[in-house]
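Data block below; observations after.
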Amino acid sequence: MSAQLRRSTAFAAIILSASLVAACGSGEGPASRAAVEIGGESGTELAERQVLRRGNGAEPQSLDPHKSEGVPESNLQRDLYEGLVSSGPGGEVMPGVAESWEISEDGTVYTFQLRDNARWSNGDPVTAEDFEYSLRRSVDPATLSNYGIMLRPILNAAEVIAGELPPEELGVRAVDSRTLEITLGNYTPYFLGVLSHSAAFPVHRPTVETYGDRWARPGRLVSNGAFQLQDWVVQSHIQLVRNPYYWDTDNVRLEEVWYYPIENQSTELQRYRANELDMTSDLPYRQLRWIRENLADELVISDYLGVYYYGLNVTREPFRNNRALRQALNLAINRERLTSQVTGAGEVPAYGYVPAVAGGYVQQTPEWAAWTQAEREAEARRLFEEAGYSVDQPLRLQILYNTHENHRTIAVAISSMWNEVLGIQTELVNEEWKVYLETRRSKQTTQVFRAGWIGDYNDAFTFAELMHSASAMNDSGWDHPPYDELLARAAAERDPGRRVEYLQAAERELLQEVPLIPIYFYVTKRVVKPWVGGYQPHIQDYIYSRDLYILKH
Amino acid sequence: MLRYTLSRLLGAIPTLLILIALAFFMIRVAPGGPFDSERALPPEIEANLRAAYHLDEPLIQQFGRYLGGLLRGDFGPSFQYKDFTVTELIGTGFPVSLRLGGSAILLALLIGVTAGTIAALRQNTRTDYSVMAVSMTGISIPNFVMAPLLILLFAVTLGWLPAGGWGGGAWNHMLLPVVALALPQIAYISRLTRGSMIEVLRSNFVRTARAQGLPERTIILRYALKPALLPVVSYLGPAAAAVITGSVVIEQIFGVPGLGRYFVQGALNRDYTLVMGVVVFYGVLIILFNLLVDLLYALLDPKVKY
Chain Z
24 MSAQLRRSTA FAAIILSASL VAACGSGEGP ASRAAVEIGG ESGTELAERQ VLRRGNGAEP
84 QSLDPHKSEG VPESNLQRDL YEGLVSSGPG GEVMPGVAES WEISEDGTVY TFQLRDNARW
144 SNGDPVTAED FEYSLRRSVD PATLSNYGIM LRPILNAAEV IAGELPPEEL GVRAVDSRTL
204 EITLGNYTPY FLGVLSHSAA FPVHRPTVET YGDRWARPGR LVSNGAFQLQ DWVVQSHIQL
264 VRNPYYWDTD NVRLEEVWYY PIENQSTELQ RYRANELDMT SDLPYRQLRW IRENLADELV
324 ISDYLGVYYY GLNVTREPFR NNRALRQALN LAINRERLTS QVTGAGEVPA YGYVPAVAGG
384 YVQQTPEWAA WTQAEREAEA RRLFEEAGYS VDQPLRLQIL YNTHENHRTI AVAISSMWNE
444 VLGIQTELVN EEWKVYLETR RSKQTTQVFR AGWIGDYNDA FTFAELMHSA SAMNDSGWDH
504 PPYDELLARA AAERDPGRRV EYLQAAEREL LQEVPLIPIY FYVTKRVVKP WVGGYQPHIQ
564 DYIYSRDLYI LKH
Chain V
2 MLRYTLSRLL GAIPTLLILI ALAFFMIRVA PGGPFDSERA LPPEIEANLR AAYHLDEPLI
62 QQFGRYLGGL LRGDFGPSFQ YKDFTVTELI GTGFPVSLRL GGSAILLALL IGVTAGTIAA
122 LRQNTRTDYS VMAVSMTGIS IPNFVMAPLL ILLFAVTLGW LPAGGWGGGA WNHMLLPVVA
182 LALPQIAYIS RLTRGSMIEV LRSNFVRTAR AQGLPERTII LRYALKPALL PVVSYLGPAA
242 AAVITGSVVI EQIFGVPGLG RYFVQGALNR DYTLVMGVVV FYGVLIILFN LLVDLLYALL
302 DPKVKY
């Protein structure tokens with residue numbers, strides 16, 4: 024069985040590379056031939072059939088918004104459900120089911136006014152009690168939610184998740200059917216942003232209580248978003264249709280949205296080129312050049328709230344108590360060359376850790392970011408020697424990454440840069456996703472590991488908290504009291520300006536100590552057919568289908 | 002024959018038990034677990050999850066629980082696809098895989114036997130050489146190379162057929178995956194048929210038939226084909242296994258919602274119950290299919306008696 028397992032993984036890898044090879048260097052597809060008169064004479068004429076077909080990565084784990092965590096699930100859930108608030112292209116908070124809200128002077132009590140015309144897809148009104156029930160359900164340990172932890176800012180949420188208090192003790196209260204009051208444990212400036220996350224979406228209580236674990240299915244699922252579930256064939260497609268009871272349904276133009284689970288990005292691109300998809304979820308790196316040459320008008324690249332970095336395990340040799348070595352490795356990476364020649368989708372070289380697009384934050388960069396690469400390399404060599412290594416005392420390192428073509432390419436590039444500048448001998452180790460997570464987490468054998476983080480909400484804190492010494496995701500094992508102290512101060516600070524200053528000071532501390540090496544800031548990359556109207560990039564890649572429409576073509 | 006069938010079925014039980022035990026323990030030995038994810042779970046939630054799926058019990062107790070479930074036809078809940086049970090997933094995936102695999106085997110038999118027979122009749126002519134050359138290519142090119150090439154040609158460049166998806170089993174969606182899956186089998190079957198047909202055509206009863214002046218058509222179709230097909234029939238068992246293995250790859254490439262895809266995704270996600278379900282289900286299927294082939298053999302070959 025284990026041989027079988029490994030073989031199937033190997034198969035997957037081979038399929039991937041084979042299809043990559045096959046899809047390169049082919050001629051014109053029907054897609055490029057079909058480009059005629061988009062949008063009729065006026066250019067804005069709508070197509071008769073308002074049907075959108077979206078590539079969506081993996082098969083969703085669940086359509087229950089409290090039981091899933093991945094990107095494919097959240098794309099679907101944003102169409103199916105609507106939270107108290109929604110999110111604009113720059114991550115700004117927009118009204119959702121709540122039409123307005125008030126925040127108490129100390130910033131800990133939020134009072135939401137729900138719109139009176141918000142309805143579930145079966146016609147029931149969406150009430151404050153629905154939200155009270157849903158938020159409690161999301162943090163109730165019996166729900167087995169893996170993202171209920173997003174609601175931690177709410178009073179008593181952590182205790183409820185830990186099973187120390189009953190869900191009824193959560194700081195959420197329906198004052199009347201249209202007024203919801205949420206009390207926070209502490210002042211949390213990014214809290215409204217959390218409410219557009221699927222962990223805060225409402226679920227229809229009678230449906231959940233009638234069907235238990237099996238309610239999120241066609242014919243049963245009742246939702247309150249712009250669309251409702253029509254059909255779900257696992258591993259094939261999910262069909263959503265317009266929810267006629269949605270409060271803003273007059274402004275929704277799509278009648279149907281079809282989501283296709285396609286893990287392999289090359290396969291997804293092929294189906295896009297064969298006109299079976301209107302937009303993809305991602306693109307294969309290796310075909311970017313071809314896409315730039317042949318589908319340039321359909322390529323959309325935009326900022327994404329995420330950072331790609333190399334973590335350094337500071338609990339073990341050689342990085343333990345060796346800041347000079349960590350900094351030498353940091354300086355020796357030529358990020359401009361990496362992003363222009365290796366990744367090439369427009370990724371932004373990262374010298375700091377928090378992405379520049381994070382709301383209300385000014386990115387921190389170390390002093391050496393302004394140096395030339397030659398100066399950085401000279402300093403890297405000096406620090407490397409200071410750390411006790413030289414040509415006669417070469418360093419051997421292991422880079423761990425999860426099996427993926429893109430990660431391998433980057434690891435090869437970085438190891439050659441390290442070798443060129445510092446004479447380091449690196450060994451590349453790749454492990455399948457679940458194995459890699461376990462290895463990383465155990466901190467026993469890792470030295471350098473590839474990692475990435477996409478912000479859960481639009482605030483620098485989602486990045487900063489990762490490296491707190493108590494964070495379960497701090498796989499560097501970094502334990503730096505001044506950093507923890509700054510985060511604690513930021514969390515307790517009421518003044519937004521001073522709070523940001525604490526976070527910035529924390530980031531400077533991190534950049535100084537180098538428990539991780541930032542490499543680049545992510546971009547979203549996809550192809551979108553020219554007849555898809557209303558497409559607006561979003562920094563968290565929240566593409567709501569209700570904003571989209573199909574032009575005549 | 003009934004006795005034979007029964008004893009074969011009884012004999013399959015230990016085989017199945019060993020298969021289940023191996024699969025059960027080995028997937029749990031594989032590093033990484035179903036609940037590992039990039040955002041670490043709060044320990045309380047992870048403990049609850051483990052309890053909900055009975056992963057907190059001793060392994061042997063879990064195994065007993067699993068076997069008990071199997072006896073009731075219950076494969077357990079899927080770890081990954083939380084809205085479904087494994088039984089439901091197999092129930093939706095298997096008809097698709099059956100249709101795909103069945104069509105591929107039928108196509109392989111139809112074309113393979115025809116091509117092999119023609120090649121045998123025209124032994125050492127240009128027709129023979131070209132059939133054998135094509136089938137050699139078919140065997141040598143693995144389907145994970147063939148499939149993307151087919152997609153590129155027929156879906157992307159020519160635009161005749163869809164590049165993927167199942168379309169509820171519409172013929173145009175089925176064509177490419179069936180062909181990709183059948184190609185290596187066509188190649189193998191045509192070589193087998195050719196070889197055994199050549200042998201049969203040299204045998205005494207064919208010579209006698211010819212001497213009696215029977216038309217060539219009758220000789221081939223009525224007398225020669227049946228014994229010539231024996232090796233093909235015994236190959237059907239391995240062919241079914243090969244088609245099942247092949248479908249794991251083909252379904253992934255074409256996005257066909259069958260069992261093979263569940264197997265790959267289940268293994269990667271450490272969806273213990275789903276992987277187990279597919280393994281057990283396919284195990285039973287292959288055992289039954291091999292039995293069927295042996296019984297069919299008795300019908301075709303008068304020398305075989307059970």
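Protein chains in written order, with the numbering used here: chain Z, 24 to 576; chain V, 2 to 307. All C-beta atoms, glycine included, are put in the ideal place defined by N, C-alpha and C.
Worksheet entry | Counted within 10 angstroms of its Cβ, other Cβ atoms place N205 (chain V) as buried (16 or more) or exposed | Taking the first residue of the second sequence as 1, we reach residue 205 (chain V) at position 204. So N205 (chain V) counts as exposed.
Fill in: Three-way DSSP call (helix, strand, coil) for M147 (chain V) in this model
Residue 147 (chain V) sits at position 146 when you count from the first residue of the second sequence. M147 (chain V) falls in the helix class under three-state DSSP.
Worksheet item: Which partner residues does F135 (chain Z) have in the DSSP bridge list?
Response: Within the first sequence, numbered from 1, the residue matching residue 135 (chain Z) stands at position 112. Paired residue(s): Z:W124, Z:L203.
Practice prompt. Have a look at N266 (chain Z) and D479 (chain Z) and give me their C-alpha separation to the nearest angstrom.
Written response: Within the first sequence, numbered from 1, the residue matching residue 266 (chain Z) stands at position 243. Within the first sequence, numbered from 1, the residue matching residue 479 (chain Z) stands at position 456. Their backbone Cα atoms lie some 27 Å apart in a straight line.
Discussion item. To the nearest angstrom, how far is the alpha carbon of P118 (chain Z) from that of V226 (chain Z)?
Written reply: If you number the first sequence from 1, residue 118 (chain Z) lands on position 95. If you number the first sequence from 1, residue 226 (chain Z) lands on position 203. Taking the straight line from one Cα to the other gives about 18 Å.
Worksheet entry | Beta-carbon proximity of I21 (chain V) to L71 (chain V), cut-off 9 Å | Walking along the second sequence from the start, residue 21 (chain V) turns up at place 20. Walking along the second sequence from the start, residue 71 (chain V) turns up at place 70. A contact, by the Cβ cut-off of 9 Å.
Item to complete: Could you please tell me which residues of the segment 89-112 of chain Z, in chain order, have their CB closer than 8 Å to any CB of chain V?
Response: K90, S91, E92
Worksheet entry | L489 (chain Z) and I61 (chain Z) closer than 9 Å at C-beta | Mapped onto the first sequence, residue 489 (chain Z) falls at position 466. Mapped onto the first sequence, residue 61 (chain Z) falls at position 38. No, Cβ-Cβ distance for L489 (chain Z) and I61 (chain Z) is not below 9 Å.
Item to complete: Verify whether the separation of the beta carbon atoms of T432 (chain Z) and V371 (chain Z) is less than 9 Å.
Response: Position 409 of the first sequence holds residue 432 (chain Z). Position 348 of the first sequence holds residue 371 (chain Z). Going by C-beta atoms, T432 (chain Z) is not nearer than 9 Å to V371 (chain Z).
Worksheet item: Roughly how many angstroms lie between the CA atoms of L226 (chain V) and Y5 (chain V), to the nearest whole one?
Response: Position 225 of the second sequence, counted from the first residue, corresponds to residue 226 (chain V). Position 4 of the second sequence, counted from the first residue, corresponds to residue 5 (chain V). Their backbone Cα atoms lie some 27 Å apart in a straight line.
Practice prompt. Could you say which of Z:G63, Z:T131, Z:I172 lies nearest to E47 (chain V) if we only look at CA atoms?
Written response: Your numbering for residue 47 (chain V) matches position 46 in the second sequence. Checked all of Z:G63, Z:T131, Z:I172; the closest Cα to E47 (chain V) is Z:I172.
Discussion item. Within a Cβ cutoff of 8 Å, which residues of the same chain sit near A368 (chain Z), ignoring the five residues on either side of it in sequence?
Written reply: Here residue 368 (chain Z) corresponds to residue number 345 of the first sequence, with the count starting at 1. Beyond the five residues adjoining it in sequence on each side, A368 (chain Z) comes within less than 8 Å, by CB distance, of L306, Y308, L311, I324, V546, K548 in the same chain, given in chain order.
Practice prompt. Apply the 10 Å Cβ neighbour rule to N140 (chain Z) and answer buried if 16 or more other Cβ atoms are within range, or exposed otherwise.
Written response: Position 117 of the first sequence, counting from 1, holds the residue named residue 140 (chain Z). A residue is called buried when at least 16 other Cβ atoms come within 10 angstroms of its Cβ; N140 (chain Z) does not meet this threshold and is exposed.
Worksheet item: Hey, L193 (chain V) and Y130 (chain V) are a contact pair by Cβ (cut 8 Å); roughly how many whole angstroms apart?
Response: Taking the first residue of the second sequence as 1, we reach residue 193 (chain V) at position 192. Taking the first residue of the second sequence as 1, we reach residue 130 (chain V) at position 129. Not quite, the Cβ-Cβ distance comes to about 17 Å (not below 8 Å), so this is no contact.
Worksheet item: Nearest CA to the CA of R514 (chain Z): which residue from Z:A81, Z:T150, Z:V444, Z:L207?
Response: Taking the first residue of the first sequence as 1, we reach residue 514 (chain Z) at position 491. As written in the sequence, residue 514 (chain Z) is Ala, which differs from the Arg given in the question. The option with the nearest alpha carbon to A514 (chain Z) is Z:L207.
Fill in: 7 Å Cβ cut-off: residues of chain V touching I447 (chain Z)
For the purposes of this step, residue 447 (chain Z) is taken as residue 424 along the first sequence, with counting starting at 1. What I447 (chain Z) touches in chain V: nothing, since even the nearest Cβ is about 27 Å away.
Worksheet item: For T211 (chain Z), is the classification buried or exposed, using 16 other Cβ atoms within 10 angstroms of its Cβ as the cut-off for buried?
Response: Counted from its first residue, the first sequence places residue 211 (chain Z) at position 188. Per the 10 Å Cβ criterion, buried.
Discussion item. Could you check whether the Cβ of M496 (chain Z) sits closer than 9 Å to any Cβ belonging to chain V?
Written reply: On the first sequence, position 473 is the one that residue 496 (chain Z) refers to. M496 (chain Z) counts as touching chain V.
Worksheet item: Taking the continuous beta strand (DSSP E) assigned at Q262 (chain Z), which residues delimit it?
Response: The residue given as residue 262 (chain Z) occupies position 239 in the first sequence. Here the beta strand (DSSP E) through Q262 (chain Z) covers 260-265.
Practice prompt. Count the other C-beta atoms from every protein chain shown that fall within 10 angstroms of the C-beta of G278 (chain V), then say buried if there are 16 or more, exposed otherwise.
Written response: In the second sequence, residue 278 (chain V) corresponds to position 277, counting from 1. Counting Cβ neighbours within 10 Å, G278 (chain V) comes out buried, since at least 16 surround it.
Worksheet entry | Residues that Y283 (chain Z) contacts on chain V, provided the C-beta gap is smaller than 8 Å | Residue numbering aside, residue 283 (chain Z) sits at position 260 when the first sequence is read from its first letter. Residues of chain V passing the Cβ test: G166, G256.
Discussion item. Once the 5 residues before and after F25 (chain V) are set aside, which same chain residues still bring their CB inside 7 Å of it?
Written reply: Residue 25 (chain V) sits at position 24 when you count from the first residue of the second sequence. So the qualifying residues of the chain are F64, Y67, M277.
Discussion item. Can you tell me whether D498 (chain Z) is buried or exposed? The criterion is at least 16 other CB atoms within 10 Å of its CB, across all chains shown.
Written reply: Along the first sequence, read from residue 1 onward, the residue named residue 498 (chain Z) stands at position 475. Its Cβ being crowded by 16 or more others within 10 Å, D498 (chain Z) is buried.
Discussion item. So K83 (chain V) and K90 (chain Z) are supposed to be a Cβ contact under 8 Å. How far apart are they, rounded?
Written reply: Position 82 of the second sequence holds residue 83 (chain V). Position 67 of the first sequence holds residue 90 (chain Z). Right, the Cβ-Cβ distance comes to about 5 Å (below 8 Å), so this counts as a contact.
Worksheet item: Rounded C-beta distance between S568 (chain Z) and L75 (chain Z)? I'm assuming under 8 Å.
Response: Numbered from its first residue, the first sequence carries residue 568 (chain Z) at position 545. Numbered from its first residue, the first sequence carries residue 75 (chain Z) at position 52. Confirmed, Cβ separation roughly 6 Å.
Discussion item. Strictly below 7 Å CB to CB, what residues from chain V border G186 (chain Z)?
Written reply: In the first sequence, counting from the first residue as 1, residue 186 (chain Z) sits at position 163. Under the 7 Å cutoff, chain V gives E45.
Worksheet entry | Sub-9 Å separation of A164 (chain V) and R294 (chain Z) beta-carbons | In the second sequence, residue 164 (chain V) corresponds to position 163, counting from 1. In the first sequence, residue 294 (chain Z) corresponds to position 271, counting from 1. Contact flag set, yes.
Fill in: Length of the line joining the Cα atoms of P1 (chain V) and S259 (chain Z)
No answer is possible for residue 1 (chain V): the residues shown for chain V start at 2 and end at 307.
Practice prompt. Please state whether DSSP places N425 (chain Z) in a helix, a strand or coil.
Written response: Counted from its first residue, the first sequence places residue 425 (chain Z) at position 402. N425 (chain Z): strand per DSSP, three-state reduction.
Item to complete: Grab me the residues of A493 (chain Z)'s own chain with a C-beta within less than 8 Å of its C-beta, minus the 5 sequence neighbours each way, in chain order.
Response: On the first sequence, residue 493 (chain Z) is found 470 positions in, with the first residue counted as 1. Excluding sequence neighbours, A493 (chain Z) sits near D507.
Worksheet item: Using a C-beta to C-beta distance shorter than 7 Å, which residues of chain V count as neighbours of V458 (chain Z)?
Response: As a first step, residue 458 (chain Z) is located in the first sequence; it is residue number 435 there, counting from the start. Correct list: P32, G33.
Worksheet item: Nearest-angstrom Cα distance between N282 (chain Z) and Y572 (chain Z)?
Response: Locating residue 282 (chain Z) in the first sequence gives position 259, counting from the first residue. Locating residue 572 (chain Z) in the first sequence gives position 549, counting from the first residue. Reading off the sequence, residue 282 (chain Z) comes out as Tyr, not Asn. Cα-Cα distance, rounded: 15 Å.
Worksheet item: Span of the beta strand (DSSP E) holding E450 (chain Z)?
Response: On the first sequence, residue 450 (chain Z) is found 427 positions in, with the first residue counted as 1. Element bounds for E450 (chain Z): 448-454.
Worksheet entry | Closer than 9 Å to chain V by CB, V551 (chain Z) | The residue given as residue 551 (chain Z) occupies position 528 in the first sequence. With 9 Å as the cut-off, V551 (chain Z) does not count as an interface residue toward chain V.
Fill in: Beta-carbon gap between P185 (chain V) and A241 (chain V) smaller than 9 Å
For the purposes of this step, residue 185 (chain V) is identified with residue 184 of the second sequence, where counting begins at 1. For the purposes of this step, residue 241 (chain V) is identified with residue 240 of the second sequence, where counting begins at 1. The Cβ-Cβ distance between P185 (chain V) and A241 (chain V) does not fall below 9 Å.
Worksheet item: chain V beta carbons: is any one of them nearer than 9 Å to that of T547 (chain Z)?
Response: The count along the first sequence starts at 1 and reaches residue 547 (chain Z) at position 524. By this cut-off, T547 (chain Z) is not an interface position.
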